[in-house]
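Beneath this line is the structure, given in structure tokens, with notes to follow.
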Amino acid sequence: MDLGVEEILASVSKRVKALERGSYWEFRVGETSNRRLKFANGSAREAGFESARAVSARVLLKGCWGFSAATLNRNDWKGAAERAAREALRNAVLLGKRSKNNGEEKVEDRSFASGRFSVKPKVSPEDVENEDILRRMKELHSETVEKFGKQKTDDDNTGSGEKSRGKLSGVSMGYSSVHKRIGLLNSSGSEAVQDLLYTYANATLTGKRNSRVEEHSGILGFQAGFEVFDGGRISSVYSGRRRWRVESDGMAGLLERLSFRLKEALIAKPARGGVFPVVVDEELVDVLIHEAFGHAAEADGVLNGESCLQGMIGRKLSKRESGENNGTDELNIVDDATMAGLWGSFFFDDEGVPSQKTEIVKRGILKSFMHSRETAAVMETVSTGNARSEGVGNIPAVRMSNTNLLPGSSSDEELIEDVKKGFLLGGSAGGQVDIASGNFQFNASYGYIIEKGAVKTPVKGVSLSGNTLEMLSSIEKIGRTPAVGMAGLCGKFGQSVPVVGFNPKVLLGRTLVGGA
Amino acid sequence: MALVSSRLKRVLDEASDYSIVKSAASSVSSVVRNNRTKEVSSGSSCSYFVRLWKGKKFVSAEMASLDEKNLRRSVRLLRSAPELEFFYGLPPGQKARAMKCFDAELAEQGKDVVLEDASGMIELVRESRFGKGLDVRVTFGHSGVSVNEFEIETSEGLHNIFRSTYYGSSVSITAGSNGKKSSSWESIESGSLVGTRKKENVWRNALMRSLEGLNRKRVKRLPKVVVLSPNVASELLEYAFLPNFRLDMIRDRAGRYALGNFSSGERIFDSNLRIVDNPLKKSGINSYPFDYDGSRSKKVDLVKDGSLKGVVSDYNTSKRFGVENNGHAGRSSIEFSNIEVSGKNVEVDDFILVESVIGSHTSNSATTEFSVLSDSAVLIRKGERVPLEPFMMFGRMEDILKSAGFYGKRETRSGITMKGLVTDRIRLSH
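Protein chains in written order, with the working numbering: chain A, 1 to 516; chain B, 1001 to 1430.
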């Protein structure tokens, strides 16, 4: 008998009886189906699909957590569910016997999800054939190669007389739609199923100019259907005081943007490092807010004593310790998993807590951390629905969703006009943070020198680094228009979960900038 | 036992060729959080990676269950699949060499090992004596053991099986004093049981570095010579340099070098530099006797005597370019196995030792440039260690390897074995 997630969930309660010995337990079942296409330099590289099913059980017994997971093979869900439940309990019992350091623990279990939830795409990925997508990729490949030779860069307008603009040497594109169905049953009363649909399109362009090789990549990712590839409206979401339209550029828009950036990179000069004011674009603000601040606001890290935000609730983050008033009171940061269509959204987390919007910083003051049921119990608060795992086979941990700096009041011109000498940095080429010290490093994928309030020549290989608390206090102006950042997978404890941000540009005061 | 029954073979009849790879694993792990063993988990997983061809039409599928329903879906997809630009058929069947990468003792003692590791990390921190007001904790510890099985079957009649064991343990220790915090991370990986003493040395190193981090100083005049520890050097090589040695990167024109650079014999790097990829390394964590194509894997010189020598390849891409197939096909791209880096040994006495960095994955492999933040670095002067405040480091791996020297003990990190890399070609900025 080939049962679906809902049927398994409805008939599993007898099979996981063993878990009821615990003070808290949960049982999850998941089904993933993924379709992917790759196209490079004019020809198809790969077409394929993935399908997987798994069950897992987790139990808290006298302060010890036991967990077990198994992939479902040949529809043996009954056996797999029973084995997972028994093995999870056995692991918790074993830990209780062998470890001297366990305490009595509780979880916060006031909220629970119930029912069936689904992402509703405008164009279902199932309705679009592989052949059609590959045909469109072939056309886009030709258009991109043709346009690359014609595209102008800012340098064309400077009258530098530069002749060689470089050659486009590689174009690769990818498309994937991932359908995840997750069912959850737990001791808090949750019995719910959610259908999540992750659709993304990615592209990488490589260019050469003399002996120089440069590469630019980008991803469009939303909880939506094929409209992500085609481009157009995805949803509308609230951020700050108003509603914003969320759109996908489509693969055509992405290729156009990457072409322009690649041409700029091929003529860009290495930046000279030092301490400068920096205007940061929406995509890089996304990484900054997520990496430099967001990870430090995850309550598990705070409880472990490894976060630089420990003991800071109620403290002003937007001003320097010295009281120097160079920060902005416009600093508001939220984590919001309810934003329709955004890559980091979901209906309930992996502990069965309904998704929600959490105010982390309000008018510059640290208000709350992000919580799981366990961290919420220890800190005597409620779960914020941030317990997430990569898949049913992984243990949930406190993770972000869509983490956003809310829009401020400055226009693009106002962000730049007072910068005498500095940088405009944008795009994300990755970043990392040590949450204990708060030290971070991010690479921008493009950059320009700003001189006397005007954007000038492009620079390449620029990174910025600093410290979380210093960075927050150095935000001098916040842009008024937010945009969706680059859909990403955030790694923690060896698991990756989809995250993104909806952020405006900002002006950072004194920031350490490095060139390559 | 064959992976594909005669009933399933009939479903696959429509494909001219097929290859099925089964990956199965059973694992057990423990997690330490905040000086406490928090959880024990166990799991089993199994997946089948199916590739089907009909002429030049190709499709790949990954499934948890190798059943009629999933295979029929793959065959349906094959009918409308795109044609590959180049396809030279399945590689000729090669029976794999026997390779010992399975430690029965490790497989047997998995749960005990991970629980002992958890207690060991906690005890080390609890029993160490720290000054008043110093808060030191294991903020995160993980120890895991897995037993893996990798099996391939193709329509050419090839059937190979390889079993291996894996042990990995990592620890993050945070020290705090007067509102200042410093954390340090260390890890150890092996294909077989690791002695307690060796593990304790790794944990102690993390402890020492987290304590050192509380007393970081800003030194005005820093020496020019920088030693990148094996941990840092291997990370930078992995992200900023090695991708250029994958034949699929060269095929996609996404790498720094073209194939012609590998046959020219031109010396680009220090004449003593040698970089080897060795999938046949005994008990190597990335060892495998055959790849995803079923081809026998071979050791390959990537750099020898300072010149570009070879690339890691798979069957189809090597056929297309007329180079040797050295059996490095991965699931969806060509992959490295165990990398060994060696060169001229040098002695240094006044230098900066960089033991961990932030941001190496942001490096640009097409230019080999990196720009990272030092997370843990010390000034070594007259045998004394002075912990340094974080600084930015910028450089180009290709330039560094032009005059690279090697210093200290050989260590293996993420499958790359090397000594510390000595260079004066990194720019530093506070």
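Glycine included, each C-beta is placed from N, C-alpha and C at the ideal position.
Since this is a predicted model, take the numbers as computed values, not measurements.
Output yes if chain A places a C-beta closer than 7 Å to the C-beta of residue i; else output no.
i: residue 1415 of chain B; result: no
i: residue 1115 of chain B; result: yes
i: residue 1201 of chain B; result: no
i: residue 1387 of chain B; result: no
i: residue 996 of chain B; result: This structure gives no information on residue 996 of chain B, because the portion of chain B shown stretches from 1001 to 1430.
i: residue 1101 of chain B; result: no
i: residue 1034 of chain B; result: yes
i: residue 1091 of chain B; result: no
i: residue 1248 of chain B; result: no
i: residue 1319 of chain B; result: no
For residue i, which residues in the same chain have their Cβ closer than 6 Å to its Cβ, ignoring the five residues on either side in sequence?
i: residue 40 of chain A; result: 172
i: residue 224 of chain A; result: 121, 199, 234 and 341
i: residue 493 of chain A; result: 397
i: residue 471 of chain A; result: 292
i: residue 182 of chain A; result: 30 and 194
i: residue 1276 of chain B; result: 1301 and 1340
i: residue 1075 of chain B; result: 1014
i: residue 50 of chain A; result: 34
i: residue 1146 of chain B; result: 1025, 1027 and 1166
Where does residue i fall in DSSP's three states?
i: residue 367 of chain A; result: coil
i: residue 1392 of chain B; result: strand
i: residue 65 of chain A; result: strand
i: residue 411 of chain A; result: coil
i: residue 270 of chain A; result: strand
i: residue 1197 of chain B; result: helix
i: residue 144 of chain A; result: helix
i: residue 175 of chain A; result: strand
i: residue 384 of chain A; result: coil
i: residue 1134 of chain B; result: coil
i: residue 1495 of chain B; result: This structure leaves residue 1495 of chain B out entirely; chain B is present only between 1001 and 1430.
Between residue i and chain B, is any beta-carbon pair separated by less than 7 Å?
i: residue 306 of chain A; result: yes
i: residue 495 of chain A; result: no
i: residue 430 of chain A; result: yes
i: residue 81 of chain A; result: no
i: residue 501 of chain A; result: no
i: residue 44 of chain A; result: yes
i: residue 65 of chain A; result: yes
i: residue 206 of chain A; result: yes
Could you give the distance in angstroms between the alpha-carbon of residue i and the alpha-carbon of residue j?
i: residue 163 of chain A; j: residue 1347 of chain B; result: Note that residue 163 of chain A has pLDDT 49, beneath the 50 cutoff, so the model's placement of it is unreliable and no number is given.
i: residue 287 of chain A; j: residue 479 of chain A; result: 16 Å
i: residue 1085 of chain B; j: residue 477 of chain A; result: 52 Å
i: residue 325 of chain A; j: residue 475 of chain A; result: With a pLDDT of only 47 at residue 325 of chain A, under 50, the local geometry of the prediction cannot be trusted, and no value is derived from it.
i: residue 18 of chain A; j: residue 26 of chain A; result: 11 Å
i: residue 279 of chain A; j: residue 258 of chain A; result: 20 Å
i: residue 237 of chain A; j: residue 482 of chain A; result: 11 Å
i: residue 1383 of chain B; j: residue 1352 of chain B; result: 12 Å
i: residue 43 of chain A; j: residue 1082 of chain B; result: 9 Å
i: residue 1394 of chain B; j: residue 1004 of chain B; result: 53 Å
For the ligand GTP, I want to know if residue i counts as a neighbour, meaning its beta carbon is within less than 6 Å of at least one of the ligand's heavy atoms.
i: residue 49 of chain A; result: Among the components of this structure there are no ligands whatsoever, and the ligand GTP is therefore not found.
I'd like the list of long-range same chain contacts for residue i, defined as Cβ closer than 7 Å, with 5 residues on each side in sequence excluded.
i: residue 1214 of chain B; result: 1175, 1177, 1180 and 1182
i: residue 1308 of chain B; result: 1257, 1261, 1262 and 1268
i: residue 378 of chain A; result: 303
i: residue 1017 of chain B; result: 1053, 1089, 1090 and 1155
i: residue 376 of chain A; result: 108, 382 and 383
Discussion item. I want to know whether the region 1151–1170 of chain B touches the region 1019–1029 of chain B - three or more CB-CB distances under 8 Å.
Written reply: yes
Worksheet item: Is there contact between the region 1394–1405 of chain B and the region 1267–1281 of chain B, where contact requires at least three CB pairs shorter than 8 Å?
Response: yes
Discussion item. Tell me whether the region 1355–1362 of chain B and the region 434–447 of chain A touch, counting them as touching only if at least three CB pairs, one residue from each stretch, are closer than 8 Å.
Written reply: yes
Item to complete: Determine contact between the region 1124–1139 of chain B and the region 1279–1287 of chain B, defined as no fewer than three beta-carbon pairs at a distance below 8 Å.
Response: no
Fill in: Three-pair Cβ contact test at 8 Å for the region 1122–1130 of chain B versus the region 1154–1169 of chain B
no
Discussion item. Would the region 1249–1261 of chain B count as touching the region 1215–1229 of chain B if we require 3 or more Cβ pairs under 8 Å?
Written reply: no
Practice prompt. Flag this pair as touching only if the region 1049–1065 of chain B and the region 1184–1200 of chain B have three or more C-beta atom pairs under 8 Å; answer yes or no.
Written response: no
Discussion item. Tell me whether the region 78–93 of chain A and the region 104–112 of chain A touch, counting them as touching only if at least three CB pairs, one residue from each stretch, are closer than 8 Å.
Written reply: no
Fill in: the region 62–75 of chain A in contact with the region 1036–1043 of chain B per 3-pair CB rule at 8 Å
yes
Worksheet item: Is it a yes or a no for the region 412–422 of chain A touching the region 439–455 of chain A, going by three-plus beta-carbon pairs under 8 Å?
Response: yes
Discussion item. Under 8 Å: do the region 456–463 of chain A and the region 257–272 of chain A share three or more Cβ pairs, one atom per stretch?
Written reply: yes
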